[in-house]
Structures are given as structure tokens and as C-alpha cells.
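Report on the structure given below.
Protein chains in written order, with this note's numbering: chain A, 9 to 693; chain B, 9 to 693.
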């Protein structure tokens, strides 16, 4: 018994008080802990102000930084926009951009910024809707209640409102999040890629670091800069060593509460496949890029995110290979299992949960390759595939009642889909052919030449021949064509002779069937049993724990603080002088001409990047970093190499987030980019 | 105690009698087992005849198949030669080759065939030389005794004789192997790559299979076809289902006797790094190949072997992820450890051996990346790097007594080195730049931009800039230049301004120091402790076990027999009809024009490929497959996907070797290639 009590306290400590750990929801912040450790208790006003100043931006984070709708995020979060507003003649990603007045600001197609307005606990409603159900019935009931709740939440105001059902604690809680949408977003300032991505892939996830990974956008309403009441004050003082710091943003996904069986599946199957295919695609794109400047331009985006994801996946694999991590997970799991076994009522709900999940993992392993290729679309890596499938499924699904649709096509999602279909998208057919031809060879390679599905897809064509035929023959690159099919409905889809529509139509039934099977035999089993484990965990540990990241808004806290590598402490800050020392003139260590020209003007000792102990992961990119007064002191853009294990646990000794200092951005805006109007807007007086 | 005895018998069974398992040395064949299971005991004459008919060929296997020096091997074992005798104008690899008379045969530069003439047990001599030594002293003593023994063995006849000290059973035995060398080897017949590599990478390691992966070379002596007394009779009858089959060849490397710590290191470090870098290089080469036919030609070889090695490494990783395999290894290890612990004398030598090896693995993990990059040359992937280092080190080492040299430069190795330096090598500078530039980026990526060695190597140059400077400026592509430096000795090396010589000179001291450290702290510890474990294992299991593969001649036995995949049995044979069914016209499923033209003439039911249970691995490619009368019935060229786990264990239920039938080759030679003279020579009357 002593052992167990000791164990409980150790575990609890590891989750909530020893370290600056946790990605906390705004409705359940660790206030006692903050008071105890830092003598600081944020007020309700502070909390609401920060929540509404922070803003989601695609898969990234951002924040409002002026009353006039200015939004600060990372350059790497805005590359989609930069790529879309560029063309063969104008490469804003490479060359940077500055609008000297609002009329020069460039609209980002398909970019959206949104703030979290309200959180409602709907655990009870979801529980009632799914009680006693399993498998497909459970999945369908969950989809239906989700569709109903989000639809009620959005109401008639689909243009300005978005709602999402958020599964917290693996189903221990269900919350309904209501967002205020800003769908007219424009580019105000972006530095050159050479400054934003200085150090490139070699320096990514490393520190010391010298990146100006920042970009400023502006939200518009009715054609005018949005007037916002909650925005962050830009601090003119850099953060201080040891200072308490907050990071507010949307960490994408952590897996800290997964079972050991799930972690092993991740280690042995998911990550290995990610690395195998990812590294090969990286080689392909790297070489494609050398064929000419236009190829370099169009491949830059894919390559940038691919390299980022590869480094991240490899870091996760390394973490999962560490026996320290997995042994701790095994012990935690064993401890919780013993607790559950000792409590008959809990046991009735959760004793089998781990075995059920492990069995589902076995099915996932068996179906995984085919599922990923077909329904996950990994066999058909082309923008056209996504467009064709959206048209075919969307037209079909929108004819059903909300509660019976695939969740991605419920009424509240349709506006975003229609926007994407209707927007001109820059598609490069050479790159499309490269990726599609290659991904079709992986499809054949992974499933085998004699696999019936492979035989059906390829017939007597080689992957390259099929890719060429589909891409040369399609008209889906034209948004008018897409809009016409969408408007034309089932008849337009069924009569279309577009090769992509014909092709995707021919496999969609198989793909849907596989998805249904996977969701029933794997997804639903995992979710239902994880829910049971989560509820048992609440009883074991109380509710003062934080949920795994879900891509929704969280607050992390910590201090400006470095770590040691092989016994040698790393610096906490870098400065402009360091960037010039690292400059060799060869990519990725070539500062842009603007920096070289501004060298004499710069305060070279001004800070550029810094590290803090705040617990963040991918998705937090673009998060504001705040001091106690809720002033913006930094802009999170990365974590160090040890932060990659943060997917599975938080190691306070080495896990660090990396940000650009607010003063570093100001120094660059003033002296390198001469953006005086913008600075005046950021620092009104 | 009962458990242990049961365990001993199970383990023993698994190693030597239940299955058709084992790569047996010719001096220790499992004769009793063969008699018991098949009622067949090969005579001494049979054994010696097969041993001397089989022949090593680079990293492959082969066999003499006529009194006139004809040598049969795989097409993929002869691609080095095919690539070297080809040029931009003539692509024999792609188009195939047939010499209608001896004068048309093309000499393969740097190709060597050798037969195993004698095996001598020198365990005693090696034991005396290394007794009581550890670390560097142990390593040096082992190198010295190896140099002395091989030098004595070769004697004055370096042209015709080659000797190697072979470490069997991880050091349980040391044998001296004496080979008869044939250094004038010429190309007689090769089919088109489209026939030899039909099915390409997707079908590699799979079955059913339809590859004519065969090539015929001829050994010459003094400018005339070699007259050989031991050669295999070509069977005109295909092997029969269930028939006893032997495979004689040189399996490269198995790791069935490694400790669990070593297997885990292989799984978590070595294989992951192999896959990460290998897949990326694959993507790079795949895209490079598309730039034009000449790029396709020069990249074909690298890509072929890279894809093969990737599939193999992934198969090994999959095997090591299986809990069945690792649990069995853990149990075997625990069982042997208990046995050792129970016997004080053994314990004194071996009780710590596992821990010592595990500690050495820890050091390997720490030094591994740097060691592989620098001394392993993975940072500098260029033919020029190898040439420059050979020149610099060879000139230095040959000035020392044999016993103090790096083992690869002892007197008996120099003739092969001089031959390679002096032979014109087809080097493509575009491909060299691609690989070198890329590998330098991996060097920076793995060790980090701030690593002192990386900083020293790159200075202010980017990887691409350094690669361009080295490759554009070098004259080492000219064999006359290489020969001059070699002849000029230390002065020529030290005064050379060739950028490659200058570059390699600048890092060689660091590289040698790292090698010394690695060999002392890792290699020597592993070898010495593995020796102790091996000796304990002999006491535990007796000597009727086989050693891990060491790239030297072995005999495997088994039967023509297929396996089941998800409950469905696979066929044992494929035929020509199947190849035509699989033909789509698109690579890699496009049969060559010669096949399409010959279709009407062919007996389409003639067998082409088959599977057998013989235990082989990489290195066995080109091995003759024999019936009881020692007649050639097949030519091994691959294993199925499950054979990849053969690196670590033999799973009799699914591990299969794949061969071309002797009759299939004859059918093709006669009816597709119209090689009547060659057939007459293979089937004399």
C-alpha cells in the first residue's frame, strides 16, 4: 500500500506540479500551482482577455496585436498565403512583402483567423446519446450528437461563427467550442524566407537559433480592417532570464494519455511508415527543386513542411525508443490498472479497456496500410484527388440529414468547403505528376503488385502513365469547373467525364467501406475504451490534470530558462550579432541583402530568439508568449530537439520552446524593413 | 530443472534438426541429419567436388559450369561488369549481350572469381597470440597474427592465391581459407535488364516471380579459357516438388548469435539510420534518373542496389520488431547465462561477457554517428573519396611491417588495391556531385551545424559548393594519375595539390583516431566477449551447430517447397506463360522485344523460377542449387520477404529461397537468345 501511495504522489507530481508542465484549457487553469510557485494568480479578466486575443490560424496559432485587426503569427504559418499570392513573376515568400498602406495589403485566399468565444460542457449530452452503444452504433451516435450540437451552436450565423465538439481527456469530457471567424485575411508584412527560415532544416528544432520567423496579417470585416477589442500590447522590453512566461495557442496533438499498446503501435508502425515514405519524398523533391527556379519555387512549401515533419517524427521515434519513457508509461499503466481492479464498479467499466484497445491496435496494424493508402489518400498524393473526392462525397453527403453525414460534411462545415472549391488555387502540374506518380508506386510497393485493389487501380498502366493521364486530362484546376459540378449536384458528378472524377468515383465505394470498417473496429473501440480509462483516471488522480492536446486553445506557463547539453549549459538568448556570425553566404546560412545592408544601423546586441520552459508542441507555432501583464514579449515558433518527446511526456530538464523576442521583431521592422507605419500601429501613442 | 532441460532440447532442435536450417561450413556438414531426414550422405568426393565447383565472385556467389571455364552467376551480380563495359553509346546492361565466339567476349575490369581450395584450423595460433590481452593490445595482436597467417598462406603466388582468416562462431573458431584466384574474367552472355530484373523493386523479395536473373561469364588464364576440372553438370530436368536441394555459396552476414543488446542496437540505431538516409537517397536518385537517358544509365546501378538494400533492411527491422523473435532471443540468452553461471570456470571467462557487450553498445551508440560519417565515409559518398583515402593510407601503411598495418593494407591485399587503382573506372561527375553534395548535408544534419568537425570540413562552404570544388578540380578520375601517386609514395601524396588528396589528408588523422577509439572501445570488447560466449555455447550445445554467415562458402540443404500467406499456399514454380501474363508493357513489367518475338517458339509451360527451403541470405546470390547427384538444377537469386528475418533466425514455416530453374535458363538461351554455341558448350556430348 505504501508503494502505491508513493506512486500516486509521484505520478501526480509529474503531471502537475514539479515541472512547468501542461497545456491547460482556459476553463481549468492551474491557478493554485501558479500562485504557489510564482505568487501570481491571473484574474478572470486576464484570462478572458488572453483567450480572446489569441487566435487560431489554420493548423497554427496567432494573436491580435492591434485594435485595427493586425494579427501576428509565424512566417512559416503564412507560407500558404505567401505561396498563393505569388506567381512565377513574383515570389513573396522568397523576397518578402511589406504593404505601406492598407490598400497594398494582399488578400490571402482561403486563410481564416478565429477566436475562441465560448466553452460549454456537453459531456452529459454526449453521454446520454452514446450510452450503452458500441462499434458502428456508437460511432454513428457520436457523429449525430456532434452534428446536432455544433449546428445548434452555430445557428444561422455561419459566416461569422464556427463550432466544434472537442473531445478532452480521451473522452473524459466533451466541450463545445464556439469561435468568432474572420475570413478576410490579408498580408501586411513578411520578411524574406532567408531571414525567416535562416538556418533551414539543419537548425530546425535546434538552439542557438537566429530566425525572424514572424509575419503580420490583418483581419478584415466588410472590406475594412476589423475593429477588435481584445488584442495584446506589444512589449518594448525583452523577456528576462527566469521571468514567468505564458504561451497561448493551439497545440495540435499529444499522446501523453495513450496506452502502452498504442505507443508501441506508433513506434513500430506509424512512425516507421512516416519516415520511410517521407524521406523518400524528400529526396525526390530536393532533386526536383534543382531543375530550375520555378521548380524550386513550387516545391518549397511541400519540402519545408515535409522536412519539419520528418525531424519531428524522428524525434518522436527516438523518444519512444527510450526505455525510460516506456518503462514509466508501463508503470503508470500498471498502477492505474491496479487501482481499477480494486474498485468493482470502475472495473466493470474499465478493467478490459486496455486489452480491448490492444486488440483494436492489432486490427489497425492489419488494415493500416490499405486504410492509409486508400481512405487516407496516401496512394494518391495530388491536390486534384482531394478536390475530386470532396466534390463526389460532398454532393452525396449534403443530400442526407446532418446526423447521418460523414462528419466533415455536416451543414456547419459546408461554407469552408465551398470556399475552398470556389477559390482559384495555384496548382503546378509538374509537381502534381511527380507526387502522384511516386505515391502510386508506394501504393503498389506497400500492398504488392498482386493485391486486388492495386490491380484495379493500375490495370495495365504504370503509376507514371496513370498520373500523366489523370493530370493532363483534368479540368478541376479551374475553380469555375469545380463550382459548376458542386452546383450541378449528383447528376453533374455522375455524368462528369473528367478523369479525376471518373477515377475517384470508381474507388470511392471501396474506400468508404474500408473507412467504415476501420472506424467501427478500431476507432470506435479505441474511443469508447479510452473514455472508460479517462473516467477511471479522474477518480484516481482528481481533475487537476490537463488533457492531451487537441488542436484547441491552451495556456502553458514556464520561465525563460535554458538547458544543458552533455553537461554544457546553452544560452537563453541569441542576438543579431550571432546571426551575422553564422552567415556564410550559402543557403541556408545566407542572410538576405536587406539584413546585410542594414547591418550598420542595427543594434547588434538586441535579442533575436530565446528559450523558455513552456510546454508546447506543433500547432503552437505562432503562439504569443506573454508576461504577467499579458504583454507580448515573444512569438513561439519552434521547440528544441528534446521537445519532440513532448508528444509523449514532458521532460522538464530538457524540453524547451523557442521564440522570437518582441523586441527583436521591432528592431527588424524599424531598421531592416523600415516599416515605420506598421510599428506606429503596433505601438500607438 | 525440468524447464531447463526442456529448453535445451527445444533450442537445440531449433538450431539443428527440426528445420532445413543452417549455413554449414564444408568441413562440418550435418551428415547425420541429412542421412536421417533424407537417407542421403554426401561422399567426401561429392563434398570436395561441390566445394571446388562453387566460386566466390565479389560480394556474390557463382559456379563453374563447364570444363572451359564458363561461370554461371546472377545478372545482378554482373551488373558492375555490364556497367563498366558499357558507355553512353552501348548499354549492355539494358540491351543484353551475347558473344558468339570467344574473341567477342568482353573483359570485365576488376572482376575476380575464386574457388576455395583449402581450410585450415588456426584457432590455436590465434588463441596463443591474443591470450590475456584486451582493448587495443588485443586488436593489434589479432591484426598481426592475421597478417602473418595469411601472408604465409599466400606465399609467393599472390597472382593466383588469396588467403583470409575467417572468424567463425563469433571467435569460437578461427579458420584460414585459401582460394584459387581467376582475375581475367569475361562476359559471355547477359539477358536484357528487362528480363533479368523483370518485376523490378515491387517484385523483389516476392514470389511468384518471373526473373531471368542469370549471366554467364568465363574465367581465363594466360589469355585462354581456363581449363577447370571441377564444374557442375547442367541438369536438363527441372527440380521436382519436395526434392532434396543443396545451395552452395557465400552468405554474407547473419546475426543469429548476437546478444540481445546488440540486436536492440541494430533495431533502434543501425537500421533506422540506414532507412532514413537510404530512402532519401532513393528519392534523389529516382528523380535524377528522370533527367535523361544518360542519367538513367549511370544511376541504374546505385539505385538497383540501394532499393535492394532498403527492402532488406526494412525486412530486418520488421523481424526485430516481432516480439516472438526477441522473446526467443531473450530466453535463449537467459538460458545460456544460467548455464554459464552454474559452471565456475566458464563463469570466470563469460559471466560478464553480456554486460561488457552491452556497455560497448552504449559507446557505439554515442560514437556511432560520427564514426559512420567520418571513418565509414558516409559523409563523403563519392568514388573519389575512396580512391583518395586508399592512396593516402595505402602509401603510408605499406611502409610499415605487415603486423602493424591496418588490416586492409597488408601485403596480401595490395595486389587487389593496385589493380583497382590502375584500372580505368567509369565515373560520372554529375552523379558524384549529387551523392557527395547530399551526403555532406546529411553529415551536417546528423552531427549539427555547430559540431567542430562539421565546421572544419565545411568552413564557409555549403555542402554543394564543397562537392563542386572537389569534383570539378580533381584528376583522380584518371588511372594514370592514380598510378603515379601510388608509385610516387609519401612524397607524391604530401605534395599533391589535387583537391581530394588535400581534403582527405586534412581529415585523415581525426578519422584514424576515431577508428582506433571505436575499435578499442567497441570492436575489441565485442569480439573478445563474443569469443567467450561462443566457447560457452560450444560447451552448452556441442559443436554440431553452424556459425553465423561470414561471406565465406557454405552449404545449405532443403527441399523444393512453398509456403502459405494468410492461409493460402503459394505455388512452388512459375513458368514462361506467367511472365507473359504479367507483362503490361510498362516498366518494370515490360518484357524485352526478344521475348515478345520469341513467344511462339517458347514452351510456355517450361518452369522459370521456383522456391526452396534452403537457408540463404544476401551474398548467396548466384549460388548454384544442386540435386543429390550434384547436378545444377537452379540458380539462387533471391529470398522471399520472410527470408529477410533470416538475418536473425530461420523460420522454417515461411523463409524461402528463390531460384531460376536450370531448364528455364536453357529454354531462354535456346529459343530467345539463340545461343546454340553456348548451349552446346554447357551440354557437351
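The beta carbon of each residue, even a glycine, is placed where N, CA and C say it ideally should be. Please read all numbers here as calculations on a predicted model, not as lab measurements.
query: Taking any Cβ of chain B, which residues in the segment 184–217 of chain A have a Cβ under 9 Å from it, in chain order?
result: Only those residues of the segment 184–217 of chain A whose C-beta falls short of 9 Å from the nearest C-beta of chain B are listed: 207, 209, 210, 211, 214 and 216.
query: Name the chain A residues that come within less than 8 Å of residue 656 of chain B, Cβ to Cβ?
result: Under the 8 Å cutoff, chain A gives no residues; its nearest Cβ is about 16 Å from residue 656 of chain B.
task: Would you kindly work out how many angstroms separate the C-alpha atoms of residue 354 of chain A and residue 550 of chain A, rounded to a whole number?
output: Answer to the nearest angstrom: the Cα atoms are 15 Å apart.
message: Does any residue of chain B have a CB that is nearer than 7 Å to the CB of residue 586 of chain A?
response: By the rule that beta-carbons nearer than 7 Å mark a contact, residue 586 of chain A does not touch chain B.
task: Kindly list the residues whose CB is nearer than 8 Å to the CB of residue 427 of chain B, restricted to its own chain and excluding five residues on each side of it in sequence; keep chain order.
output: The residues are 118 and 191.
task: Might you give, ordered along the chain, the residues of its own chain that have their beta carbon closer than 7 Å to the beta carbon of residue 679 of chain A, omitting 5 neighbours on each side?
output: 606, 609 and 610.
field: Inter-residue CB distance, residue 620 of chain A and residue 58 of chain A (contact presumed, cutoff 8 Å)
entry: Not really, about 16 Å apart at Cβ, beyond 8 Å.
task: Round the Cβ separation of residue 72 of chain B and residue 212 of chain B to the nearest angstrom and send it over; I've been treating them as touching at under 8 Å.
output: Contact doesn't hold; Cβ gap of about 28 Å is too wide.
Chain A contacts from the segment 287–309 of chain B (Cβ-Cβ distance under 7 Å): Interface annotation for the segment 287–309 of chain B against chain A: 287, 288, 289, 290, 291, 292, 294, 295 and 296, criterion Cβ-Cβ distance under 7 Å.
- prompt: How would you write the range of the beta strand (DSSP E) that residue 64 of chain B sits in, first residue to last?
  reply: In the DSSP assignment, residue 64 of chain B falls within the unbroken beta strand (DSSP E) covering 62–65.
task: Pick out the complete alpha helix (DSSP H) segments inside the segment 659–683 of chain A, 4 residues or longer, and give them in chain order.
output: Within the segment 659–683 of chain A, the runs of alpha helix (DSSP H) at least 4 residues long that lie entirely inside it are, in chain order, 670–675.
- request: Return helix, strand or coil for residue 23 of chain B, following the three-state DSSP convention.
  value: Only weak support is given to the placement of residue 23 of chain B: the predicted model assigns it a pLDDT of 40, under 50, and the value that follows is read from those uncertain coordinates. In this structure, residue 23 of chain B counts as helix in the three-state DSSP scheme.
- prompt: Given 8 Å as the limit, is there contact between the segment 521–540 of chain A and the segment 140–153 of chain A, that is, 3 or more CB pairs closer than that?
  reply: Result yes; three or more Cβ-Cβ pairs closer than 8 Å.
- prompt: Is DSSP giving residue 315 of chain A helix, strand or coil here?
  reply: Helix at residue 315 of chain A.
query: Alpha carbon to alpha carbon, how far is residue 484 of chain A from residue 490 of chain A?
result: Spanning the two alpha carbons is a distance of roughly 6 Å.
In chain order, each alpha helix (DSSP H) run of at least 4 residues that lies wholly inside the segment 288–332 of chain B: Complete alpha helix (DSSP H) runs here, min 4: 301–329.
- request: Please say whether residue 446 of chain A and residue 292 of chain A have beta carbons closer to each other than 7 Å?
  value: Yes, they are a contact pair.
- request: Helix, strand or coil for residue 425 of chain B, going by three-state DSSP, please let me know.
  value: Three-state result, residue 425 of chain B: helix.
When B:106, B:661, B:201 and B:154 are compared against residue 182 of chain B, the one with the closest alpha-carbon: Distance check between residue 182 of chain B and each of B:106, B:661, B:201 and B:154 places B:154 closest, using alpha-carbon atoms only.
task: Ignore the nearest five residues each way along the sequence and tell me which others in residue 320 of chain A's own chain have a CB closer than 7 Å to its CB.
output: Around residue 320 of chain A: 626 and 652.
- prompt: So, residue 101 of chain A versus residue 95 of chain A, is the Cβ gap smaller than 7 Å?
  reply: Not closer than 7 Å, so no.
field: Through-space distance from residue 184 of chain A to residue 422 of chain A, alpha-carbon basis
entry: Cα to Cα, the separation comes out at about 19 Å.
query: Taking Cβ positions only, does residue 276 of chain B come closer than 7 Å to chain A?
result: Chain A places a beta carbon closer than 7 Å to that of residue 276 of chain B, counting this residue as a contact.
task: Decide yes or no for the touch test of the segment 246–260 of chain A against the segment 641–655 of chain A: beta carbon pairs closer than 8 Å, at least 3 of them.
output: With a cut-off of 8 Å, the segment 641–655 of chain A and the segment 246–260 of chain A count as touching, because enough Cβ pairs lie within range.
query: Are there 16 or more other CB atoms within 10 angstroms of the CB of residue 524 of chain A, so buried, or fewer, so exposed?
result: Exposed is the call here.
- prompt: Nearest-angstrom Cα distance between residue 412 of chain A and residue 134 of chain A?
  reply: The alpha-carbon separation between residue 412 of chain A and residue 134 of chain A amounts to approximately 16 Å.
message: Please tell me whether residue 369 of chain A has its Cβ less than 7 Å away from any Cβ of chain B.
response: The Cβ of residue 369 of chain A sits no closer than 7 Å to any Cβ of chain B.
field: residue 617 of chain A in three-state terms, based on DSSP
entry: It is a strand residue.
query: When the cut-off is 7 Å and only beta carbons count, does residue 20 of chain A lie next to chain B?
result: Because the pLDDT of residue 20 of chain A is 36, which lies under 50, any placement of that residue in the model is unreliable, and the number read from its coordinates should be weighed accordingly. Residue 20 of chain A does not count as touching chain B.
Residue-chain proximity (residue 594 of chain B, chain A), Cβ-Cβ < 7 Å: Answer yes: the Cβ-Cβ gap between residue 594 of chain B and chain A drops below 7 Å somewhere.
- prompt: Considering only the beta carbon of each residue, do residue 365 of chain A and residue 269 of chain A sit closer than 7 Å?
  reply: By the CB criterion at 7 Å, residue 365 of chain A and residue 269 of chain A fall inside the cutoff.
- prompt: What is the rounded straight-line gap between the Cα of residue 558 of chain A and the Cα of residue 49 of chain A?
  reply: The C-alpha of residue 558 of chain A lies about 25 Å from the C-alpha of residue 49 of chain A.
task: Report buried or exposed for residue 439 of chain A, applying the criterion of at least 16 other Cβ atoms within 10 angstroms of its Cβ.
output: Buried, because 16 or more other Cβ atoms sit within 10 Å of the Cβ of residue 439 of chain A.
For residue 227 of chain B, the residue or residues it bridges with in DSSP: Answer is B:193.
task: Compare the C-beta of residue 468 of chain A against all C-beta atoms of chain B and say whether one is closer than 7 Å.
output: So, interface residue.
Per DSSP, cross-strand counterpart(s) of residue 32 of chain B: Bridge partners of residue 32 of chain B: B:563.
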